[in-house]
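Here is the structure we will look at.
Residue numbers (my numbering): 759 to 924.
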């Protein structure tokens, strides 16, 4: 099964792209990310950065994410991601409903999941169509489209850097 998302991209398009993204390799150790959340009209609503620590034990990747938002709010998420085969992953996190399902081909990884998202005082369940693209050994770009009942709520864009000095 090849996952396709709202973006119209198909993972098989990226099969020959290099460098190859294996999330268990890229996210092992320390990673930093900077991101923005845009509403469905393209207005930047939030900016943030994330400190990530990843541990790979040979079958499960644990990602500890610590978010700091531009307004001073903080949040934490812990992912537990299992590698099913060379291309398929499943994961869980504290605010993810059910299992996240992902596939990786070439330099691309597509992650699909339902999450409870806090918008002001309101908690709503939304769908994430999350695309990651490895640009170099150290640089990864991530774009996630967020929808509710098929209607676009917004987009999260992140830039990750992997550096042993972090």
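Note that the Cβ used here is the ideal one computed from N, Cα and C, for glycine as well.
DSSP-derived helix/strand/coil call for residue i
i           : result
residue 898 : strand
residue 880 : strand
residue 855 : strand
residue 770 : helix
CA nearest to the CA of residue i, picked from the options
i           : options            : result
residue 884 : 913, 811, 792      : 913
residue 918 : 813, 893, 898, 781 : 898
residue 903 : 922, 769, 869      : 869
residue 799 : 911, 920, 915, 921 : 911
residue 797 : 906, 920, 922      : 906
residue 842 : 836, 888, 855, 816 : 816
residue 814 : 837, 908, 900      : 837
residue 847 : 866, 855, 834, 862 : 862
residue 872 : 811, 850, 920      : 850
residue 878 : 920, 921, 803      : 803
residue 855 : 865, 893, 874      : 874
residue 811 : 826, 781, 789, 845 : 789
residue 860 : 794, 921, 882, 888 : 888
residue 839 : 901, 866, 876, 858 : 858
residue 922 : 829, 896, 845, 826 : 896
residue 794 : 769, 827, 780, 779 : 827
residue 916 : 781, 778, 791, 845 : 791
Residue range of the beta strand (DSSP E) that includes residue i
i           : result
residue 796 : 787 to 797
residue 778 : Careful: residue 778 lies outside any beta strand (DSSP E) and carries neither H nor E.
residue 917 : 909 to 920
Closer than 7 angstroms: residue i CB and nearest the ligand SAM heavy atom
i           : result
residue 850 : Although the ligand SAM was asked about, the structure shown includes no ligands whatsoever.
*Mind the definition here: the segment 817 to 835 touches the segment 772 to 787 only if three or more C-beta pairs lie below 8 angstroms; say whether that holds.*
Output reads yes: the segment 772 to 787 touches the segment 817 to 835.
*In chain order, which continuous runs of the beta strand (DSSP E) of length 3 or greater are located wholly inside the segment 808 to 848?*
Under the rule that a run must span 3 or more residues, the beta strand (DSSP E) segments found entirely inside the segment 808 to 848 read 818 to 827, 832 to 841.
*Segment contact flag, the segment 772 to 780 with the segment 792 to 808, C-beta cutoff 8 angstroms, min 3 pairs*: By the Cβ criterion, the segment 772 to 780 is not in contact with the segment 792 to 808, since fewer than three pairs of Cβ atoms, one from each stretch, lie closer than 8 angstroms.
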